[in-house]
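Residue numbering for the sequence shown follows the numbering used here, starting at 53 and increasing by one per position. Using N, Cα and C, we set each Cβ at its ideal position, and we do this for glycine too.
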Amino acid sequence: MSRSSQRPRPRGKPGRDLQGDGFLHQARKRFGQNFLHDQNIIHKIVQSIRPQATDHIVEIGPGQGALTRHLLPACASLDAIELDRDLAAYLEQTLGSDPRFTLHQADVLKFDLATLGDAPRSLRIVGNLPYNISTPCMFHLLRYPHLIADMTFMLQLEVVQRLAALPGDSHYGRLGLMMQYFCRVEHLFDVPPTAFVPAPKVTSAIVRLVPHETPPVQVDDVACLQDVIRIAFTQRRKTLKNSLSALISEAELGGLPIDMSLRPENLSLAEYALISDTISRARHQGRQEQQEESHDRE
Ligand code: SAM
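Here is the structure:
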């Protein structure tokens, strides 16, 4: 039997032979499959990752291995997380004999990164992410910031613009504020739809996210910061005074050096942190007073 005839058989209509080895795979929309085939772009992405011989790389959605084939020979180990069973079988068959390669046929959103190692800042995460789950995927990975050295992702350009946006930019909002709390964000370069098969409808971009060793602002309660930012941007057209009235009174916010008649897109992360701490302290004080009252009644 020839090598190519042993490959897993594709289901449905056959796709294009992207690796030149006879493997035909019809891209599945539900898995966000747009495969990289432009060799110049693939090299540019690999160069921007700059894999080192000691690196432990984790690739999300390796697909047919367009990036994997270049990263694997240049690193110490590569764990690949791929949901599609046919692609997982193909990767195992083509790259599985390399001792540096480990394939996990799994959903990245349910994957426990801590199973890959516990050394601080030891994992370099990469991936041309499935666009339909890119935001939940990034926030899932940020549950393990202590393990991650950096993350280099291909995303929709618009998402990268939102991640990197600063106050006053048209793309500034909840996604950028929360990501910038956890990571330094670098928009590296854009990638046209023609670099993929099938071509997506939108332009893509490469972004690097580096978890901060110390957050750029200190907050008492990150969940409260998330609440404040979510509520402020749910009602984008309202002033902060109005949108935050459900969380805290105007009088309690009055002492802050922040103009509460501004709209949410005009405030910096540091200003959201100040609001968040005022709210979490007011909540804490409220709880203490309640406890004292019930104590007095007993
Ligand atoms: N890296 C390949 C490339 O650049 O050609 C493929 C990229 S394609 C945009 C996204 C890949 O993620 C596909 O291989 C898809 O099957 C995989 N994928 C989709 N959802 C996933 C999930 N929840 N967990 C892991 N992999 C997933």
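- Looking at the DSSP output, T204 shares a beta bridge with V178, R260.
- Around the beta-carbon of P182, 16 or more other beta-carbon atoms lie within 10 Å, marking it buried.
- Taking a contact as a CB-CB distance under 8 Å, the pair L124 and D150 counts as one, their CB atoms being some 6 Å apart.
- For M206, the Cβ falls inside the 8 Å cut-off from some heavy atom of ligand 1.
- Between L168 and the set H192, L143, L130, L139, the nearest pair of CA atoms involves L130.
- Remark: fewer than three beta-carbon pairs, one from each stretch, lie closer than 8 Å, so the region 258–278 and the region 287–294 are not flagged as touching.
- Under DSSP, E134 forms a beta bridge with Q157.
- Within the same chain, V243, A247 come within 7 Å of I93 by CB-CB distance, once the 5 residues on both sides are set aside.
- Contact between the region 210–225 and the region 234–241 is present, with at least three C-beta pairs closer than 8 Å.
- Between the region 108–115 and the region 178–198 there are three or more C-beta pairs closer than 8 Å, enough to call the two in contact.
- Looking at the backbone, the Cα of K96 and that of Q340 are separated by about 56 Å.
- Pairing L277 with Y324 gives a Cβ-Cβ distance under 9 Å.
- For N92, the CB stays at least 8 Å from every heavy atom of ligand 1.
- Linking T187 to G307 through their CA atoms gives a straight-line distance of about 35 Å.
- Following the DSSP letters along the chain, one finds I112 in no alpha helix (DSSP H) but inside the beta strand (DSSP E) bounded by residues 108–112.
- Where D329 is concerned, the enclosing alpha helix (DSSP H) starts and stops at 321–349.
- Not one heavy atom of ligand 1 falls within 8 Å of the beta-carbon of G67.
- Counting along the chain, the unbroken alpha helix (DSSP H) around L277 starts and ends at 274–286.
- The closest CA to that of Q91, considering only H122, F83, Q78, T106, is found on H122.
- By the Cβ-count criterion, G220 is exposed, with fewer than 16 other Cβ atoms from all chains shown falling within 10 Å of its own Cβ.
- Excluding its 5 nearest sequence neighbours in each direction, S320 has C-beta neighbours in its own chain below 7 Å: P219, listed in chain order.
- Distance check between D73 and each of G84, A118, H108 places A118 closest, using alpha-carbon atoms only.
- If you draw a straight line from the Cα of E317 to the Cα of M206, it is about 26 Å long.
- For E238, no alpha helix (DSSP H) run applies; the uninterrupted beta strand (DSSP E) run containing it begins and ends at 235–243, by DSSP.
- Checking the DSSP bridge columns, you'll see S129 partnered with H108.
- Under DSSP, the beta-bridge partners assigned to L88 are F248.
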